[in-house]
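Colleague:
Number of protein chains: 2
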Amino acid sequence: MNDTPNTTRRGFLKAGLATGGALAAGGGGAAANPDPLITEVQPWATGLGAGVDATPYGLPIEYEADVIRRNVPWLTADVISSINFTPIHALDGTITPQGCAFERHHSGAIDMRKEDYRLMINGLVDTPLVFTYADLERFPRVNHTYFLECAANTGMEWAGAQLNGAQFTHGMIHNMEYTGVPLRTLLEEAGIQPSARWIYVEGADASSNGRSIPLEKALDDVLVAFRANGEALRMEHGYPVRLCVPGWEGNMWVKWLRRVEVMDRPVESREETSKYTDTLADGTSRKWTWVMDAKSIITSPSPQSPIVHGHGPLVIAGLAWSGRGAIERVDVSLDGGRNWQSARLAAPPQPMALTRFYLEIEWDGSEMLLQSRAIDSTGYVQPTKAQLREVRGLNSIYHNNCIQTWWIKPDGEAENVEVS
Amino acid sequence: MNDTPNTTRRGFLKAGLATGGALAAGGGGAAANPDPLITEVQPWATGLGAGVDATPYGLPIEYEADVIRRNVPWLTADVISSINFTPIHALDGTITPQGCAFERHHSGAIDMRKEDYRLMINGLVDTPLVFTYADLERFPRVNHTYFLECAANTGMEWAGAQLNGAQFTHGMIHNMEYTGVPLRTLLEEAGIQPSARWIYVEGADASSNGRSIPLEKALDDVLVAFRANGEALRMEHGYPVRLCVPGWEGNMWVKWLRRVEVMDRPVESREETSKYTDTLADGTSRKWTWVMDAKSIITSPSPQSPIVHGHGPLVIAGLAWSGRGAIERVDVSLDGGRNWQSARLAAPPQPMALTRFYLEIEWDGSEMLLQSRAIDSTGYVQPTKAQLREVRGLNSIYHNNCIQTWWIKPDGEAENVEVS
Numbered sequence: 004m005n006d007t008p009n010t011t012r013r014g015f016l017k018a019g020l021a022t023g024g025a026l027a028a029g030g031g032g033a034a035a036n037p038d039p040l041i042t043e044v045q046p047w048a049t050g051l052g053a054g055v056d057a058t059p060y061g062l063p064i065e066y067e068a069d070v071i072r073r074n075v076p077w078l079t080a081d082v083i084s085s086i087n088f089t090p091i092h093a094l095d096g097t098i099t100p101q102g103c104a105f106e107r108h109h110s111g112a113i114d115m116r117k118e119d120y121r122l123m124i125n126g127l128v129d130t131p132l133v134f135t136y137a138d139l140e141r142f143p144r145v146n147h148t149y150f151l152e153c154a155a156n157t158g159m160e161w162a163g164a165q166l167n168g169a170q171f172t173h174g175m176i177h178n179m180e181y182t183g184v185p186l187r188t189l190l191e192e193a194g195i196q197p198s199a200r201w202i203y204v205e206g207a208d209a210s211s212n213g214r215s216i217p218l219e220k221a222l223d224d225v226l227v228a229f230r231a232n233g234e235a236l237r238m239e240h241g242y243p244v245r246l247c248v249p250g251w252e253g254n255m256w257v258k259w260l261r262r263v264e265v266m267d268r269p270v271e272s273r274e275e276t277s278k279y280t281d282t283l284a285d286g287t288s289r290k291w292t293w294v295m296d297a298k299s300i301i302t303s304p305s306p307q308s309p310i311v312h313g314h315g316p317l318v319i320a321g322l323a324w325s326g327r328g329a330i331e332r333v334d335v336s337l338d339g340g341r342n343w344q345s346a347r348l349a350a351p352p353q354p355m356a357l358t359r360f361y362l363e364i365e366w367d368g369s370e371m372l373l374q375s376r377a378i379d380s381t382g383y384v385q386p387t388k389a390q391l392r393e394v395r396g397l398n399s400i401y402h403n404n405c406i407q408t409w410w411i412k413p414d415g416e417a418e419n420v421e422v423s
Numbered sequence: 004m005n006d007t008p009n010t011t012r013r014g015f016l017k018a019g020l021a022t023g024g025a026l027a028a029g030g031g032g033a034a035a036n037p038d039p040l041i042t043e044v045q046p047w048a049t050g051l052g053a054g055v056d057a058t059p060y061g062l063p064i065e066y067e068a069d070v071i072r073r074n075v076p077w078l079t080a081d082v083i084s085s086i087n088f089t090p091i092h093a094l095d096g097t098i099t100p101q102g103c104a105f106e107r108h109h110s111g112a113i114d115m116r117k118e119d120y121r122l123m124i125n126g127l128v129d130t131p132l133v134f135t136y137a138d139l140e141r142f143p144r145v146n147h148t149y150f151l152e153c154a155a156n157t158g159m160e161w162a163g164a165q166l167n168g169a170q171f172t173h174g175m176i177h178n179m180e181y182t183g184v185p186l187r188t189l190l191e192e193a194g195i196q197p198s199a200r201w202i203y204v205e206g207a208d209a210s211s212n213g214r215s216i217p218l219e220k221a222l223d224d225v226l227v228a229f230r231a232n233g234e235a236l237r238m239e240h241g242y243p244v245r246l247c248v249p250g251w252e253g254n255m256w257v258k259w260l261r262r263v264e265v266m267d268r269p270v271e272s273r274e275e276t277s278k279y280t281d282t283l284a285d286g287t288s289r290k291w292t293w294v295m296d297a298k299s300i301i302t303s304p305s306p307q308s309p310i311v312h313g314h315g316p317l318v319i320a321g322l323a324w325s326g327r328g329a330i331e332r333v334d335v336s337l338d339g340g341r342n343w344q345s346a347r348l349a350a351p352p353q354p355m356a357l358t359r360f361y362l363e364i365e366w367d368g369s370e371m372l373l374q375s376r377a378i379d380s381t382g383y384v385q386p387t388k389a390q391l392r393e394v395r396g397l398n399s400i401y402h403n404n405c406i407q408t409w410w411i412k413p414d415g416e417a418e419n420v421e422v423s
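Chains A and B, in that order, are what the protein sequence lines are. 4 is the number of the first residue of the first sequence in my numbering; add one for each residue after it. 4 is the number of the first residue of the second sequence in my numbering; add one for each residue after it.
1) Does the region 47-62 of chain A come close enough to the region 202-209 of chain B that 3 or more CB-CB pairs lie under 8 Å?
2) Can you tell me whether residue 385(B) is buried or exposed? The criterion is at least 16 other CB atoms within 10 Å of its CB, across all chains shown.
3) Which residues in chain B have a C-beta closer than 8 Å to the C-beta of residue 365(A)? List them in chain order.
4) In the DSSP output, what is residue 198(A) paired with across the bridge?
5) Considering only the alpha carbon of each residue, which of 320(B), 315(B), 374(B) lies closest to residue 336(B)?
6) For the beta strand (DSSP E) containing residue 58(A), name the first residue and the last one.
7) Just checking: is the beta-carbon of residue 114(A) within a distance shorter than 8 Å of some beta-carbon in chain B?
8) Excluding the five sequence neighbours on either side, which residues of its own chain have a C-beta within less than 8 Å of the C-beta of residue 350(B), listed in chain order?
9) I'd like the span of the beta strand (DSSP E) that includes residue 136(B), first residue to last.
10) Beta-carbon of residue 312(B) versus every beta-carbon of chain A: anything under 8 Å?
11) Any contact of the region 170-181 of chain B with the region 145-156 of chain B, i.e. 3+ C-beta pairs under 8 Å?
12) Whole beta strand (DSSP E) runs in the region 251-315 of chain A with 3 or more residues, listed along the chain?
13) In this structure, does DSSP put residue 13(B) in helix, strand or coil?
14) Can the beta-carbon of residue 3(B) be found less than 8 Å from the beta-carbon of residue 203(B)?
15) Under the rule that 16 or more other beta-carbon atoms within 10 Å means buried, what is residue 44(B), buried or exposed?
16) List, in order along the chain, the chain A residues whose C-beta lies closer than 9 Å to that of residue 276(B)?
17) Give a yes or no on whether the C-beta atoms belonging to residue 320(B) and residue 303(B) are separated by under 8 Å.
18) Looking at C-alpha atoms only, which residue of 120(A), 63(A), 75(A), 101(A) is the closest neighbour of residue 47(B)?
19) Got a sec: which bits of the region 91-102 of chain A sit with their beta carbon under 7 Å from any beta carbon on chain B, in order along the chain?
20) Would you list the one or two residues that DSSP bridges to residue 375(B)?
21) When DSSP labels each residue in this structure, what does residue 25(A) get in the three-state scheme?
22) Could you tell me how far apart the beta carbons of residue 64(A) and residue 237(B) are, in whole angstroms, since I believe they sit closer than 8 Å?
23) Whole angstroms is fine: what's the gap from residue 29(B)'s alpha carbon to residue 193(A)'s?
24) Taking only beta-carbon atoms, is residue 123(B) less than 8 Å away from chain A?
25) What is the rounded straight-line gap between the Cα of residue 69(B) and the Cα of residue 100(B)?
26) Which chain A residues are close to residue 224(B), counting only those with a beta carbon under 7 Å from its beta carbon?
27) For residue 279(A), which option in 406(A), 144(A), 399(A) has the closest C-alpha, if you only look at C-alpha atoms?
28) Taking all protein chains shown into account, do 16 or more other C-beta atoms lie within 10 angstroms of the C-beta of residue 353(A), making it buried, or fewer, making it exposed?
29) Are the C-beta atoms of residue 235(B) and some chain A residue less than 8 Å apart?
30) Taking 8 Å as the CB-CB limit, is residue 137(B) close to chain A?
31) Could you give the uninterrupted runs of the beta strand (DSSP E) lying entirely in the region 61-128 of chain B, keeping only those of 3 residues or more?
32) Among 315(A), 412(A), 226(A), which has the Cα closest to the Cα of residue 256(A)?
33) Do residue 288(B) and residue 55(A) have their beta-carbon atoms positioned less than 8 Å apart in this structure?
34) List the residues of chain A that residue 217(B) touches, going by C-beta distances under 8 Å, in chain order.
35) Counting along the chain, where does the beta strand (DSSP E) carrying residue 150(B) start and finish?
36) Quick one: give me the first and last residue of the alpha helix (DSSP H) that residue 393(B) is part of.
Structure, rendered in structure tokens:
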């Protein structure tokens, strides 16, 4: 993998950039470039700005006020039991700030003090235990950056190209550096009995959102997390404690984690039977589809992030991820999947975390059908929508990891389309 | 390096945790553990919480309202030309959220729209150029996580133990994932003339904060950055564009970057002569002390983060970094530097980025003189305060990377002290 862009190709700007431009050498700058932002002293260079007491907790500048989570009112009956979307079309890099990381609640985000937090471990254990928040802070901690993707991400697109923007088609995802205690540590503290095969986890909110997890996964990489990107969790992400289930569907990352019951069988709760299963064409449903398969999306250009600068150099940027390991390669097509070229990965891919990719092209202003295709470390290749439909039919909601197409028009606008 | 905590030692909790505790097996839980948070249904489990439209940009929960940047009023004459401090005592992991990343201004934080942004490259170049913000977005981008440390971090401690808290002694630091264009790309676009040896960079604010940087560094890893942790920069961090000078003192990371002049010699500006140089005992000053040497700090326990849970298992947490490369090892002493043991590094250390370390101990309640000592990939060992003073005297302000001591008292309170 080459994560260094080619920075030695001279003439990049001269070949195509329409704005800015060369200053005349010598004293003729003003005449050659009458841009008042260059030739005139600006107010911010003559006066004083804001002091360091102005913002004890800093917020985005007013000009970025549109980079926010957005919900889709028609999607659910009530905002208490709904979802909003990360503005991935407007972000870069890989870390998602907590403030714009999407939310999903089944009975609303609850307000709990750390002092009122309790975590019970019971069931097939030698000693049932209850932990306070302060107890959790006394166990050895780990730090890992993981993506969290809702199983329903891209779910509205099964039936066709419906939502016009990467935020809405692919924004049920975020990627944060979590700090927490391995669940294994707490389970071993309680003492796992030989007949144990599963755990059942539930949250303190009214929905409880109970899910069954195989003991093997619980003892592998699951975290009882109390920090994201260094800070306490936001209320809407489960303050003070949530579960991290790396690579697996977001519904299992139970918020306001209240109880872990060790069991010999799964519960088969509402959240893993009537919900979060994939109904096939014949009416039967796939069972236990926990892992989020390899997927990618071009975040710019995209419908909410059109090309505004005309022909010439264009940076195509996107995100890729896999719940089965690290991203190995991302291909980009400009022509709806007929021809592919490898994108540049911005950093060495980490397992079960977002990977940023870029492809720099010279855009001649003609139409494009932009697609990206992720390949992960298991060799799995992100499928087309047609390939997914062939196996899964049209009844599914969850686990749509198909290749997305943006139709880029000559004016730079982008539209969500399907290619046959 | 072993980044996996020992999670197999049974009896961790039973040996020492004072709070929480074991539930009686069978039906006797309520009698054995009358904690109403376990035995009674709580209000958050019966009602609805907040909907997904409540916080389009999510803020920390009210209970975390003390995790904010703080300034020290007596430190400078005016808050417009001052500094505040990252609450490192209250953070974990390595990423610093923008909202609590420290600020330092010389003439206040200025308010500039992207549309009004211009970057000039002039001097010893073939073609002087002016870039708009939109121009910058058309060049190949890179992503890197780097620490930014103010040269004055820990500067008040030269004369003795003065400030009682890691936020104030070591909080002029943050660590973010930056997205930007290599400065090399833009310089090569303009065409560097053979006589070029230095660049001079300045910001658009009234102070301009001009600094000279050797061309070798400018062509190596310096970034023209427009994102931090995925988002646009905060106003106070240089929105829309700042310089990143990895591993080098924060003052060189010019905010609201306005101009890069390619030169054959350094300017020797105010900010690199009367300021940001280290006056020695004999009255002369060290010249060009750009690199931030290896340093570390125990963030918890610390004066603002005392031990509140009594004897038994204690997690010691801290941060280490080096401007010369990656952290190789961190040692921790419980007795003021007489005996040392290696801490656990939470993730493979990255060059010029914060590394989180942990050491888990059984605390018997006796006094401790807690210290940490960073060793970087060049073999450099973080010095004691006495070693630094021997070389540098007591006139310095900047570049104090000495070992810090926290006196932990039997009641768990911590105090900033010096050990002889």
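Just so you know, even glycine gets a beta-carbon here, dropped at the ideal spot from N, CA and C.
Modeller: So, from the listed chains and residues:
1) Verdict: yes, contact present.
2) Here residue 385(B) corresponds to residue number 382 of the second sequence, with the count starting at 1. Buried, by the Cβ-count rule.
3) The residue given as residue 365(A) occupies position 362 in the first sequence. Annotation: residue 365(A) has no Cβ neighbours in chain B at a cutoff of 8 Å; minimum Cβ distance is about 10 Å.
4) Residue 198(A) sits at position 195 when you count from the first residue of the first sequence. Bridge partners of residue 198(A): none, in fact.
5) By one-based count along the second sequence, residue 336(B) stands at place 333. Measuring C-alpha to C-alpha distances from residue 336(B) to each of 320(B), 315(B), 374(B) identifies 374(B) as the nearest.
6) Position 55 of the first sequence, counted from the start, is the residue given in the question as residue 58(A). In the DSSP assignment, residue 58(A) falls outside any beta strand (DSSP E) and carries neither an H nor an E.
7) As a working mapping, residue 114(A) is identified with position 111 in the first sequence. Against chain B, the CB of residue 114(A) has a partner CB under 8 Å away; the residue lies at that interface.
8) On the second sequence, position 347 is the one that residue 350(B) refers to. Exclusion of the five residues before and after residue 350(B) leaves 6, 97, 358, 359 as the residues of its chain whose Cβ lies within less than 8 Å of its Cβ.
9) In the second sequence, counting from the first residue as 1, residue 136(B) sits at position 133. Boundaries around residue 136(B) are those of the alpha helix (DSSP H), 136-139, since no beta strand (DSSP E) includes it.
10) Translated into the one-based positions of the second sequence, residue 312(B) becomes position 309. Yes, contact with chain A.
11) Three or more Cβ pairs closer than 8 Å define a contact, and the region 170-181 of chain B meets that threshold against the region 145-156 of chain B.
12) You should have 260-266, 298-303.
13) Position 10 of the second sequence holds residue 13(B). Residue placement at residue 13(B) is poorly supported in this model, since its pLDDT is 41, which falls under 50; the coordinates still yield a value, given next. Correct three-state label for residue 13(B): coil.
14) Nothing in the structure corresponds to residue 3(B), since chain B is present only between 4 and 423.
15) The residue given as residue 44(B) occupies position 41 in the second sequence. With a 10 Å radius around the Cβ and a threshold of 16 neighbouring Cβ atoms, residue 44(B) comes out exposed.
16) Taking the second sequence and counting its residues from 1, the one referred to as residue 276(B) is at position 273. Going along chain A, no residue has its Cβ under 9 Å from residue 276(B), so there is no contact; the nearest lies around 22 Å.
17) Numbered from its first residue, the second sequence carries residue 320(B) at position 317. Numbered from its first residue, the second sequence carries residue 303(B) at position 300. The Cβ atoms of residue 320(B) and residue 303(B) lie closer than 8 Å to each other.
18) Counting from one through the second sequence, the residue named residue 47(B) turns up at place 44. Considering only alpha carbons, the answer is 120(A).
19) Listed in sequence order: 94, 95, 96, 97, 98, 99, 100, 101, 102.
20) Along the second sequence, one-based indexing puts residue 375(B) at 372. According to DSSP, residue 375(B) bridges with 335(B).
21) Walking along the first sequence from the start, residue 25(A) turns up at place 22. Only weak support exists for where residue 25(A) lies, its pLDDT of 48 falling under 50; the coordinates are left without a value.
22) Taking the first sequence and counting its residues from 1, the one referred to as residue 64(A) is at position 61. Taking the second sequence and counting its residues from 1, the one referred to as residue 237(B) is at position 234. About 7 Å separates the two Cβ atoms, so the contact holds.
23) By one-based count along the second sequence, residue 29(B) stands at place 26. By one-based count along the first sequence, residue 193(A) stands at place 190. Legend: pLDDT at residue 29(B) = 35, less than 50; position of this residue unreliable, value from coordinates given subsequently. Counting only the Cα atoms, residue 193(A) lies some 15 Å from residue 29(B).
24) Looking up residue 123(B) in the second sequence gives position 120. True, the Cβ-Cβ gap to chain A drops below 8 Å.
25) Along the second sequence, read from residue 1 onward, the residue named residue 69(B) stands at position 66. Along the second sequence, read from residue 1 onward, the residue named residue 100(B) stands at position 97. Taking C-alpha positions only, residue 69(B) is separated from residue 100(B) by approximately 15 Å.
26) Within the second sequence, the letter at position 221 stands for residue 224(B). In chain order: nothing, as chain A lies at least about 11 Å away.
27) For the purposes of this step, residue 279(A) is taken as the residue at position 276 of the first sequence. The shortest Cα separation from residue 279(A) among 406(A), 144(A), 399(A) belongs to 399(A).
28) Counting from 1 along the first sequence, the entry for residue 353(A) is found at position 350. So residue 353(A) counts as buried.
29) Position 232 of the second sequence, counted from the first residue, corresponds to residue 235(B). Output row for residue 235(B): interface = yes.
30) To locate residue 137(B), count along the second sequence from 1; it is residue 134. Interface residue (Cβ-Cβ distance to chain A less than 8 Å): residue 137(B) is classified as such.
31) The beta strand (DSSP E) runs of length 3 or more contained entirely in the region 61-128 of chain B are, from start to end of the chain, 121-126.
32) The residue labelled residue 256(A) in the question sits at position 253 within the first sequence. The option with the nearest alpha carbon to residue 256(A) is 226(A).
33) As a position in the first sequence, residue 55(A) is number 52, starting the count at 1. As a position in the second sequence, residue 288(B) is number 285, starting the count at 1. Result no, Cβ atoms of residue 55(A) and residue 288(B) do not sit closer than 8 Å.
34) Here residue 217(B) refers to the residue found at position 214 of the second sequence. Listed by position along chain A, the residues whose Cβ is nearer than 8 Å to that of residue 217(B) form an empty set, because the closest Cβ is around 18 Å away.
35) For the purposes of this step, residue 150(B) is taken as the residue at position 147 of the second sequence. Per DSSP, residue 150(B) belongs to the beta strand (DSSP E) from 145-152.
36) Sequence index remark: in the second sequence, residue 393(B) carries index 390 (1-based). For residue 393(B), the enclosing alpha helix (DSSP H) starts and ends at 388-395.
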